[in-house]
Amino acid sequence: MERNTLRSKSSLVVILTDFGSRSPFPGIMKGVMLTINPELEFVDLSNDITPYNVMEALFVLKHSLHYFPDGSIFLVVVDPGVGSERKGLIVKTKKHVFVAPDNGVLSFLFDTNPEVWKITYKPERLSKTFHGRDIFAPVVAKLSLGVDPGTLGKRHYNPVKIEIPEPEIKKDKILGRVIFIDNFGNCTTNIEQKYLHEIPRALIIKNQHIEKFVSSYSEAKEGQPIMIINSFGFLEIAINQGNASKTLGIEAGDEVILLISPSSSSQTPPGQG
Amino acid sequence: MERNTLRSKSSLVVILTDFGSRSPFPGIMKGVMLTINPELEFVDLSNDITPYNVMEALFVLKHSLHYFPDGSIFLVVVDPGVGSERKGLIVKTKKHVFVAPDNGVLSFLFDTNPEVWKITYKPERLSKTFHGRDIFAPVVAKLSLGVDPGTLGKRHYNPVKIEIPEPEIKKDKILGRVIFIDNFGNCTTNIEQKYLHEIPRALIIKNQHIEKFVSSYSEAKEGQPIMIINSFGFLEIAINQGNASKTLGIEAGDEVILLISPSSSSQTPPGQG
Amino acid sequence: MERNTLRSKSSLVVILTDFGSRSPFPGIMKGVMLTINPELEFVDLSNDITPYNVMEALFVLKHSLHYFPDGSIFLVVVDPGVGSERKGLIVKTKKHVFVAPDNGVLSFLFDTNPEVWKITYKPERLSKTFHGRDIFAPVVAKLSLGVDPGTLGKRHYNPVKIEIPEPEIKKDKILGRVIFIDNFGNCTTNIEQKYLHEIPRALIIKNQHIEKFVSSYSEAKEGQPIMIINSFGFLEIAINQGNASKTLGIEAGDEVILLISPSSSSQTPPGQG
Chain A
1 MERNTLRSKS SLVVILTDFG SRSPFPGIMK GVMLTINPEL EFVDLSNDIT PYNVMEALFV
61 LKHSLHYFPD GSIFLVVVDP GVGSERKGLI VKTKKHVFVA PDNGVLSFLF DTNPEVWKIT
121 YKPERLSKTF HGRDIFAPVV AKLSLGVDPG TLGKRHYNPV KIEIPEPEIK KDKILGRVIF
181 IDNFGNCTTN IEQKYLHEIP RALIIKNQHI EKFVSSYSEA KEGQPIMIIN SFGFLEIAIN
241 QGNASKTLGI EAGDEVILLI SPSSSSQTPP GQG
Chain B
1 MERNTLRSKS SLVVILTDFG SRSPFPGIMK GVMLTINPEL EFVDLSNDIT PYNVMEALFV
61 LKHSLHYFPD GSIFLVVVDP GVGSERKGLI VKTKKHVFVA PDNGVLSFLF DTNPEVWKIT
121 YKPERLSKTF HGRDIFAPVV AKLSLGVDPG TLGKRHYNPV KIEIPEPEIK KDKILGRVIF
181 IDNFGNCTTN IEQKYLHEIP RALIIKNQHI EKFVSSYSEA KEGQPIMIIN SFGFLEIAIN
241 QGNASKTLGI EAGDEVILLI SPSSSSQTPP GQG
Chain C
1 MERNTLRSKS SLVVILTDFG SRSPFPGIMK GVMLTINPEL EFVDLSNDIT PYNVMEALFV
61 LKHSLHYFPD GSIFLVVVDP GVGSERKGLI VKTKKHVFVA PDNGVLSFLF DTNPEVWKIT
121 YKPERLSKTF HGRDIFAPVV AKLSLGVDPG TLGKRHYNPV KIEIPEPEIK KDKILGRVIF
181 IDNFGNCTTN IEQKYLHEIP RALIIKNQHI EKFVSSYSEA KEGQPIMIIN SFGFLEIAIN
241 QGNASKTLGI EAGDEVILLI SPSSSSQTPP GQG
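In structure tokens, the structure reads:
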């Protein structure tokens, strides 16, 4: 029975925030949770989402969560509206539970009709600047002990949704954007593999043309800018053993133009195979 | 009986260092501790205290420790004097145990008359540059197994104390300092909420006047510099969805002047309430 | 019996990568491993090896691994050749198990004749850009459950070896290199303590002479450049309570010339003692 699944105990909490891995705030949340449930285990998915960037957190969460065990609880605190009237959410899908501010960061989950609660839990002491510590962490810890979400919130039917910016598909080009840059300077665009029905002719970013499309970094010469389908399943701009972001001056949000053949819609897609 | 509490086993070690979260040194200390006690769990409170900054470590520790479970052991290694004659300490309060160099980083604990030992434990191999690995980590692991502190050190009655710089309260102003800057560029001052008996008239930092006082970030317009009481309970300079440190050029140690009304001593304090 | 040791269960995985501690990729690997073996514990040795720098990873691993418990499994993913024909390895020494790309990062282990397997395990879905997630993490998790390496790979007798650059010993000088710079700006050279039979006369780096040799940082004045034997057992350039890398403009790879006395080969070595 679904309710039983929900009320069973969980021990893994996956943390995603913009607090900074250098800061004490993720550790403080862990202390709060361990005080309530000493059996908890934590994985930091990342504490270095670009500050206030709800969309980046959404992207990372959406494309990472299926690698975590069933029953994991995700604590997502990218919360530019902390202290305002924005609500907090508990969202339960078939496999996972999510606790986050109601600011759209969980938007991609709502298509599958999860159970959603608006958090009504109030701690004894509530700051107006750190609900991660005062509300979300204790709610996660209580859920992990099997506490019924209905005692921590009430059912909610219109959570905030944000539009995930999709690429614009034209006859002979696709207009997209850089949405994530990793530690290697690899630049993930919002152009998913499914839009590529053949090898693209070229990619233009900041007036620079990239024509080499590879299926693994090592197919390229060192220092050569390339297009590749990355491990999230999206088109990425990279430089083999280099840093595309620094070398090409690319930042998150930059526009990309992908040139494709006009008649390419029914061919076999390239990529990871 | 107090002794029994101390000798009972602990499993949570909270780590606070200036080693850098990028460096292998926190991981090496964990390896040393797990070799002695494989049951240990760790929370990194932070490994990115500003190098050598004992006062910053003290501030973070003092305002974080009450969020951790009773029985936690705190391993604090901000240790500019490593390899010198400075001692190592074991400090036991009613709730927690602390292991740290005797350089004042635990000063704030001594008002409550904790039990204090000077570490006499000597490892087989002792470097002169990494006592965190060679002394403090093994001492923590042994304490976690219930080893009596008296076998690892001897009682000590005059640990090093450092003065925590208090703000200077004048008739119509408070002179303080920036003591901590977080990942969002929010600048914590040493002016605690208790000194604010009414909403301050203005704050001056580096010849810049800030007049807006809010109780949550979202009360301010985006980009507007504000004063706020933060989650540590201290006056903070911030910019809603911006970075006050970068925008206003603020660094740790900078002086702040807080303008208050001359006759404000007995009114209701503002803030988080 | 050796086989039994290998097939026994392990619970500690030590992670060393160049993914960046800010990135979600180490967390994703942990999710993959916990999905296979929920009992695993992790220590991040570092996720901030300089991108693509196999030699730096080798150095950190070689000088850290003896601090971890017997039975630990090391997951080492510094993998500039990901997606190419380079193999993956399982290496079993008397104390530990290692899983890594076959790019030389484990070279230092091969002198002791460990058991080596070439990974043949193939996941259902294999990207060409993130074998850490798709191959190495599941292999580690399966090994931790006691799965026989022979079912995940086949014995392999010529793994890739890379030369660890040794210093050049001349009559009156030693020519070395900076190989690792830590969070304090301390610069580790490749000159091991065993090469120093007396206190060196001076060290030259980038036309700067350093003449002070100390056994602990605190023997030096604040701001004074020094030579010291560090906690890895190597000659290091440091500045007491300062940052030698920034102040002296030192980067990894820079050459150092250590001036020694012509007749110093049989004296007692200086250092940590």
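Protein chains in written order, with our numbering: chain A, 1 to 273; chain B, 1 to 273; chain C, 1 to 273.
Heads up, the beta-carbon is just placed ideally off N, CA and C, and yes, glycines get one too.
Is the stretch 160 to 175 of chain A touching the stretch 217 to 232 of chain A, taking contact as three or more C-beta pairs under 8 angstroms?
-> At 8 angstroms Cβ cutoff, the stretches do not touch.
To the nearest angstrom, report how far apart E192 of chain A and S261 of chain A are at their CA atoms.
-> Residue 192 of chain A sits at position 192 when you count from the first residue of the first sequence. Residue 261 of chain A sits at position 261 when you count from the first residue of the first sequence. Whole-angstrom Cα-Cα distance: 17 angstroms.
Where V77 of chain C falls: helix, strand or coil (DSSP) = Along the third sequence, one-based indexing puts residue 77 of chain C at 77. Looking at V77 of chain C - three-state DSSP - the assignment turns out to be strand.
Round the Cβ separation of I237 of chain C and I210 of chain C to the nearest angstrom and send it over; I've been treating them as touching at under 8 angstroms.
-> By one-based count along the third sequence, residue 237 of chain C stands at place 237. By one-based count along the third sequence, residue 210 of chain C stands at place 210. Going by Cβ atoms, the distance from I237 of chain C to I210 of chain C rounds to 6 angstroms, so yes, they are a contact pair.
In whole angstroms, what separates the C-alpha of F136 of chain C from that of I119 of chain C?
-> Numbered from its first residue, the third sequence carries residue 136 of chain C at position 136. Numbered from its first residue, the third sequence carries residue 119 of chain C at position 119. Pairing F136 of chain C with I119 of chain C, the inter-Cα distance amounts to about 9 angstroms.
Could you tell me whether any Cβ in chain A is nearer than 8 angstroms to the Cβ of D182 of chain B?
-> Translated into the one-based positions of the second sequence, residue 182 of chain B becomes position 182. Yes, D182 of chain B lies at the interface with chain A (some Cβ there is under 8 angstroms from its Cβ).
Assigned exposure category for L145 of chain B - 16 Cβ within 10 Å defines buried | Reading the second sequence from its first residue, position 145 is the one you call residue 145 of chain B. Label assigned to L145 of chain B: exposed.
Simplified DSSP assignment, three categories, for Q241 of chain B | As a position in the second sequence, residue 241 of chain B is number 241, starting the count at 1. Coil, per DSSP.
Chain C within 8 angstroms of V60 of chain A, Cβ atoms only = As a working note, residue 60 of chain A is residue 60 in the first sequence. V60 of chain A counts as touching chain C.
Could you name the residues of the stretch 208 to 239 of chain B whose beta carbon sits closer than 7 angstroms to any beta carbon of chain A, in the order they occur along the chain?
-> Per Cβ criterion, the list reads S215, S216, Y217, S218, I228, N230, S231.
Chain-ordered residues of the stretch 101 to 123 of chain B with a beta carbon less than 7 angstroms from chain C = Answer set for the stretch 101 to 123 of chain B: empty.
Among residues of its own chain, excluding the 5 on either side of S10 of chain C, which ones have a beta-carbon nearer than 6 angstroms to its beta-carbon?
-> Position 10 of the third sequence holds residue 10 of chain C. G71, I73, S144.
Should H66 of chain A be labelled buried (16 or more other beta-carbon atoms within 10 Å of its own) or exposed?
-> Counting from one through the first sequence, the residue named residue 66 of chain A turns up at place 66. Label assigned to H66 of chain A: exposed.
In chain order, what residues of the stretch 32 to 55 of chain A put their CB closer than 7 angstroms to some CB of chain C?
-> Those would be V43, D44, L45, S46, D48, in chain order.
When we look at the beta-carbon of N53 of chain B and count the other beta-carbons within 10 Å, is it buried (16 or more) or exposed?
-> What you label residue 53 of chain B is simply residue 53 of the second sequence in a count that begins at 1. N53 of chain B should be labelled buried.
Simplified DSSP state of Q193 of chain B, which is helix, strand or coil = One-based indexing of the second sequence puts residue 193 of chain B at position 193. Three-state DSSP puts Q193 of chain B in a helix.
Going by other Cβ atoms of all chains shown within 10 Å of its Cβ, with 16 needed for buried, is T268 of chain A buried or exposed?
-> Mapped onto the first sequence, residue 268 of chain A falls at position 268. Low local confidence applies: a pLDDT of 47 at T268 of chain A is under 50, so the model's placement there is unreliable, and no value is given.
Contact list for I250 of chain C against chain A, beta-carbon separation under 9 angstroms = Stepping through the third sequence from its first residue, residue 250 of chain C is reached at position 250. Neighbours of I250 of chain C on chain A: none; closest Cβ ~21 angstroms, over 9 angstroms.
Please go through the same chain and pick out, in chain order, the residues whose beta-carbon is closer than 6 angstroms to the beta-carbon of F19 of chain C, but skip the five residues on each side of it.
-> Position 19 of the third sequence, counting from 1, holds the residue named residue 19 of chain C. Answer for F19 of chain C: F25, P26, N47, listed in chain order.
If you check the beta carbons only, do V82 of chain C and A57 of chain C fall under 8 angstroms apart?
-> Counting from 1 along the third sequence, the entry for residue 82 of chain C is found at position 82. Counting from 1 along the third sequence, the entry for residue 57 of chain C is found at position 57. The answer is no: Cβ separation not under 8 angstroms.
Taking C187 of chain C as the reference, give the member of C:P51, C:I239, C:Y121, C:T129 with the closest Cα.
-> Residue 187 of chain C sits at position 187 when you count from the first residue of the third sequence. Checked all of C:P51, C:I239, C:Y121, C:T129; the closest Cα to C187 of chain C is C:I239.
What's the call for T129 of chain A, buried or exposed, on a 16-neighbour Cβ count within 10 Å?
-> On the first sequence, position 129 is the one that residue 129 of chain A refers to. With 16 or more neighbouring CB atoms inside 10 Å of its own CB, T129 of chain A falls in the buried class.
Chain C contact residues for Q193 of chain A, given Cβ-Cβ distances below 8 angstroms | The residue you call residue 193 of chain A lines up with position 193 of the first sequence. Here the premise fails: no neighbours, minimum Cβ distance about 11 angstroms.
Mapping DSSP to helix, strand and coil, what is R133 of chain A?
-> To locate residue 133 of chain A, count along the first sequence from 1; it is residue 133. R133 of chain A falls in the helix class under three-state DSSP.
Which class does D46 of chain C belong to by DSSP, given the choice of helix, strand or coil?
-> Position 46 of the third sequence holds residue 46 of chain C. One detail in the question is off: residue 46 of chain C reads as Ser in this sequence, not Asp. Correct three-state label for S46 of chain C: strand.
When you check each C-beta in the stretch 62 to 88 of chain C against every C-beta of chain A, which residues fall closer than 7 angstroms?
-> Hits within the stretch, in order: P80, G81, V82, G83, S84.
Cα-Cα separation between V14 of chain C and G223 of chain B, rounded to whole angstroms | Taking the third sequence and counting its residues from 1, one reaches residue 14 of chain C at position 14. Taking the second sequence and counting its residues from 1, one reaches residue 223 of chain B at position 223. Whole-angstrom Cα-Cα distance: 43 angstroms.
Through-space distance from I36 of chain B to P30 of chain A, alpha-carbon basis | Reading the first sequence from its first residue, position 30 is the one you call residue 30 of chain A. Reading the second sequence from its first residue, position 36 is the one you call residue 36 of chain B. In the sequence on display, residue 30 of chain A carries Lys and not Pro. The alpha-carbon atoms of K30 of chain A and I36 of chain B are separated by roughly 24 angstroms.
Would you list, in chain order, the members of the stretch 8 to 30 of chain C that have their beta-carbon closer than 9 angstroms to a beta-carbon of chain A?
-> If you check each beta-carbon in the stretch 8 to 30 of chain C against every beta-carbon of chain A, the ones closer than 9 angstroms belong to D18, F19, G20, S21, R22, S23, P24, F25, P26, G27, I28, M29, K30.
Beta-carbon contacts of S107 of chain B that lie in its chain and below 6 angstroms, excluding the five residues immediately before and after | For this step, residue 107 of chain B is matched to residue 107 along the second sequence. Correct list, in chain order: K161, I162.
Got a sec: is the Cβ-Cβ distance from K142 of chain C to anything in chain A below 8 angstroms?
-> As a working mapping, residue 142 of chain C is identified with position 142 in the third sequence. Interface with chain A (8 angstroms Cβ-Cβ cutoff): K142 of chain C is excluded.
Is DSSP giving E56 of chain A helix, strand or coil here?
-> Here residue 56 of chain A corresponds to residue number 56 of the first sequence, with the count starting at 1. Judged by DSSP in its simplified three-state form, E56 of chain A adopts helix.
Boundaries of the alpha helix (DSSP H) in which F25 of chain C is found, first to last residue | Within the third sequence, residue 25 of chain C is the residue found at index 25, counting from 1. Under the DSSP assignment, F25 of chain C falls in the alpha helix (DSSP H) whose first and last residues are 25 to 36.
Can you name the residues that DSSP bridges to A202 of chain C?
-> Looking up residue 202 of chain C in the third sequence gives position 202. A202 of chain C is bridged to C:L259.
Enumerate in chain order the residues of its own chain whose CB-to-CB distance from A141 of chain A is below 6 angstroms, with the five nearest sequence positions on each side excluded.
-> Mapped onto the first sequence, residue 141 of chain A falls at position 141. Residues of the same chain with a CB within less than 6 angstroms of the CB of A141 of chain A, apart from the 5 flanking positions on each side, are M33, I36, N37 in chain order.
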